[in-house]
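Peer 1: Note that this note's numbering has the sequence shown beginning at 328, numbered continuously upward.
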Amino acid sequence: MSKELIRLQDLTMEFDGERVLDGINLYFNDHEFLTLLGPSGCGKTTTLRIIGGFLTPTSGTVTFDGQVINDLPPYKRQINTVFQRYALFPHLDVYDNIAFGLKVAKLPKAEIDRRVHEMLETVSLKGYENRSVESLSGGQQQRVAIARALVNQPKVLLLDEPLAALDLRLRKDMQIELKRIQRSTGITFIYVTHDQEEALSMSDTVVVMDKGRIQQIGRPEDIYNEPKNAFVADFIGESNILDGVMLSDYRVKFFGRVFECVDEGFAPNEPVDVVIRPEDIDIVAPNQGHLVGTVTGITFKGLNYDIIVEFKGFKWLIQTTDYHGVGTTIGIRINPEDIHIMHKSEYSGLFGDYSSYSAEYDELTEDAGDEEE
Numbered sequence: 328m329s330k331e332l333i334r335l336q337d338l339t340m341e342f343d344g345e346r347v348l349d350g351i352n353l354y355f356n357d358h359e360f361l362t363l364l365g366p367s368g369c370g371k372t373t374t375l376r377i378i379g380g381f382l383t384p385t386s387g388t389v390t391f392d393g394q395v396i397n398d399l400p401p402y403k404r405q406i407n408t409v410f411q412r413y414a415l416f417p418h419l420d421v422y423d424n425i426a427f428g429l430k431v432a433k434l435p436k437a438e439i440d441r442r443v444h445e446m447l448e449t450v451s452l453k454g455y456e457n458r459s460v461e462s463l464s465g466g467q468q469q470r471v472a473i474a475r476a477l478v479n480q481p482k483v484l485l486l487d488e489p490l491a492a493l494d495l496r497l498r499k500d501m502q503i504e505l506k507r508i509q510r511s512t513g514i515t516f517i518y519v520t521h522d523q524e525e526a527l528s529m530s531d532t533v534v535v536m537d538k539g540r541i542q543q544i545g546r547p548e549d550i551y552n553e554p555k556n557a558f559v560a561d562f563i564g565e566s567n568i569l570d571g572v573m574l575s576d577y578r579v580k581f582f583g584r585v586f587e588c589v590d591e592g593f594a595p596n597e598p599v600d601v602v603i604r605p606e607d608i609d610i611v612a613p614n615q616g617h618l619v620g621t622v623t624g625i626t627f628k629g630l631n632y633d634i635i636v637e638f639k640g641f642k643w644l645i646q647t648t649d650y651h652g653v654g655t656t657i658g659i660r661i662n663p664e665d666i667h668i669m670h671k672s673e674y675s676g677l678f679g680d681y682s683s684y685s686a687e688y689d690e691l692t693e694d695a696g697d698e699e700e
């Protein structure tokens with residue numbers, strides 16, 4: 328069973344009277360890869376900086392291995408950080424960049440040499456010892472930064488959007504590499520990102536944040552398949568989110584029709600949010616469909632088409648490998664296990680209608696997410 332390493336209790340943080348963290352309660356296990364995921368400004372980087380000792384919380388406690396460390400400076404914590412900008416020393420070669428902390432700690436030369444070479448092996452940079460860091464690619468520089476952070480053998484590594492500056496292909500490669508490094512070293516990784524795919528593919532545990540509060544904690548599969556509210560459903564992947572009424576266990580009504588589902592435990596006739604993922608919808612002939620709608624937009628995405636379909640004034644996103652042109656009338660069928668029911672929340676009614684969906688809209692939201700907190 329995993330051992331608890333860090334606990335954040337009733338953590339709040341205010342800057343100039345504005346509350347950016349609002350009662351965070353969270354624990355991190357030893358040897359875990361945990362990701363803080365959320366949009367720009369949600370408080371994830373602030374949480375990371377508090378754990379690292381770069382910020383002191385307004386109230387609440389940070390406990391490390393059973394000891395409260397609120398007032399412990401960063402250099403006394405068994406925690407190292409890899410920042411988005413790698414902050415390498417340009418005048419030192421790869422070896423000396425990695426060895427820097429060990430030399431400051433006055434370790435014996437033989438021990439420094441052993442650890443640096445071990446680390447070069449771990450981050451797949453064997454043979455790069457004498458290279459200038461400025462001659463390296465972005466991905467290689469990042470590996471040097473990770474090696475430098477790990478060589479001191481911290482118990483925890485904090486990673487603040489470390490892949491943001493890399494191109495897409497390199498980012499994918501580094502995701503696999505980071506997961507491998509975490510597994511091989513056994514060090515706890517706490518990772519910050521606004522990239523949902525990154526969080527889902529790398530993490531043991533994902534913590535979804537918004538407005539300084541935790542929205543949901545869980546394994547990647549659980550967060551995707553059983554989102555707690557409309558914010559999580561919308562932020563993790565694409566979602567059609569509709570108003571519904573839970574008539575009774577396993578029966579929900581939306582768009583004037585009663586559907587079977589697999590959810591239970593709601594009050595009779597409770598208003599709910601209904602989530603249906605675009606990839607879970609079967610397109611059928613109009614006379615065989617639970618619902619019938621008209622295609623209003625289509626975007627080719629390589630593996631599939633994203634089509635926008637209007638049902639009774641509400642636009643859905645459906646992902647399909649079959650082409651359906653604009654103006655086509657289609658039917659859809661939805662299986663009970665593909666209908667996910669959520670309690671109403673402050674986010675109800677804000678997401679899930681694809682009226683404004685377009686490729687340009689996608690790019691705008693991605694650019695917005697690249698802003699720093």
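Glycine included, every Cβ here is placed at the ideal spot set by N, Cα and C. Computed from a predicted model, the values in this text were never measured in an experiment.
Please report the residue range of the beta strand (DSSP E) in which Thr648 lies.
Peer 2: Element bounds for Thr648: n/a, residue is neither H nor E.
Peer 1: Can you tell me whether Pro547 is buried or exposed, with buried defined as 16 or more other CB within 10 angstroms of its CB?
Peer 2: With 16 or more other Cβ atoms within 10 Å, it is buried.
Peer 1: Less than 8 Å between the C-beta atoms of Thr621 and Ile634, yes or no?
Peer 2: For Thr621 and Ile634, no; Cβs fall outside 8 Å.
Peer 1: Sort Arg604, Thr532 and Gln615 by Cα distance to Leu363 and report the nearest one.
Peer 2: The shortest Cα separation from Leu363 among Arg604, Thr532 and Gln615 belongs to Thr532.
Peer 1: Straight-line CA distance for Val483 to Asn407?
Peer 2: Each residue's Cα considered, the two are about 6 Å apart.
Peer 1: Please go through the segment 351 to 384 and give each complete beta strand (DSSP E) segment of 3 or more residues, from N-terminal end onward.
Peer 2: Fully enclosed beta strand (DSSP E) runs of 3 or longer: 360 to 364.
Peer 1: Identify every run of the beta strand (DSSP E) within the segment 508 to 582, keeping only runs that are complete inside it and at least 3 residues long; order them along the chain.
Peer 2: Runs found: 515 to 520, 532 to 537, 540 to 545, 567 to 575 and 578 to 581.
Peer 1: What is the DSSP secondary structure of Val460, counted as helix, strand or coil?
Peer 2: Note: Val460 maps to helix in three-state DSSP.
Peer 1: If you draw a straight line from the C-alpha of Gln405 to the C-alpha of Val460, how long is it?
Peer 2: Cα to Cα, the separation comes out at about 26 Å.
Peer 1: If you reduce the DSSP assignment to three classes, tell me which class Asn631 lands in.
Peer 2: Asn631 falls in the coil class under three-state DSSP.
Peer 1: Pick out whichever of Cys369, Leu353 and Arg475 has its Cα sitting closest to the Cα of Arg346.
Peer 2: If we check each option's Cα against that of Arg346, Cys369 comes out closest.
Peer 1: Could you give the first and the last residue of the continuous alpha helix (DSSP H) run that contains Leu415?
Peer 2: Careful: Leu415 lies outside any alpha helix (DSSP H) and carries neither H nor E.
Peer 1: Measuring CB to CB, does Lys642 end up less than 8 Å from Val636?
Peer 2: Cβ distance < 8 Å, so Lys642 and Val636 count as in contact.
Peer 1: Among the candidates Leu490, Tyr455, Ala426 and Val535, whose CA atom is the shortest distance from the CA of Arg441?
Peer 2: Answer by Cα proximity: Ala426.
Peer 1: Could you tell me whether the Cβ atoms of Val585 and Arg660 are closer together than 8 Å?
Peer 2: No; because the gap between Cβ atoms is not below 8 Å, this pair is not in contact.
Peer 1: To the nearest angstrom, how far is it from the Cα of Ile603 to the Cα of Pro401?
Peer 2: Their Cα atoms are separated by approximately 45 Å.
Peer 1: Excluding the 5 residues preceding and the 5 following Asp570 in the sequence, name in chain order all residues of the same chain whose CB lies nearer than 6 Å to its CB.
Peer 2: Cβ within range, chain order: n/a, list empty.
Peer 1: What's the call for Phe558, buried or exposed, on a 16-neighbour Cβ count within 10 Å?
Peer 2: Buried is the call here.
Peer 1: Count the other CB atoms within 10 Å of the CB of Val599; is the residue buried (16 or more) or exposed (fewer)?
Peer 2: Buried: at least 16 other Cβ atoms inside 10 Å.
Peer 1: Tell me, please, whether the segment 370 to 377 touches the segment 442 to 458 by the rule of three or more beta-carbon pairs shorter than 8 Å.
Peer 2: Touching, no, given that fewer than three Cβ pairs across the two stretches are closer than 8 Å.
Peer 1: Is it buried or exposed for Ala474, if we count other Cβ within 10 angstroms and need 16 for buried?
Peer 2: Counting Cβ neighbours within 10 Å, Ala474 comes out buried, since at least 16 surround it.
Peer 1: So, is Gln615 buried or exposed, given that buried needs 16 or more other C-beta atoms within 10 angstroms?
Peer 2: Exposed, since its Cβ has fewer than 16 Cβ neighbours within 10 Å.
Peer 1: With DSSP as the reference, label Leu618 as helix, strand or coil.
Peer 2: Residue state, collapsed to three classes: strand.
Peer 1: How would you write the range of the beta strand (DSSP E) that Glu341 sits in, first residue to last?
Peer 2: Run containing Glu341: Glu331 to Phe342, per the beta strand (DSSP E) assignment.
Peer 1: Tell whether a beta-carbon distance below 8 Å holds between His418 and Pro554.
Peer 2: For His418 and Pro554, no; Cβs fall outside 8 Å.
Peer 1: Just grab the DSSP bridge partners of Met669 for me.
Peer 2: Paired residues: Asp600.
Peer 1: Going by CA-CA distance only, name the one from Glu488, Glu587, Ser566 and Phe581 that's closest to Ser645.
Peer 2: What sits at residue 645 in the sequence shown is Ile, not Ser. Here the closest residue by C-alpha is Ser566.
Peer 1: Determine the direct distance from the alpha carbon of Asp392 to that of Glu673, and round the result to whole angstroms.
Peer 2: If you take the alpha carbons of Glu673 and Asp392, they lie about 36 Å apart.
Peer 1: Measure the Cβ-Cβ separation of Ser530 and Tyr518 and say whether it is below 8 Å.
Peer 2: Result yes, Cβ atoms of Ser530 and Tyr518 sit closer than 8 Å.
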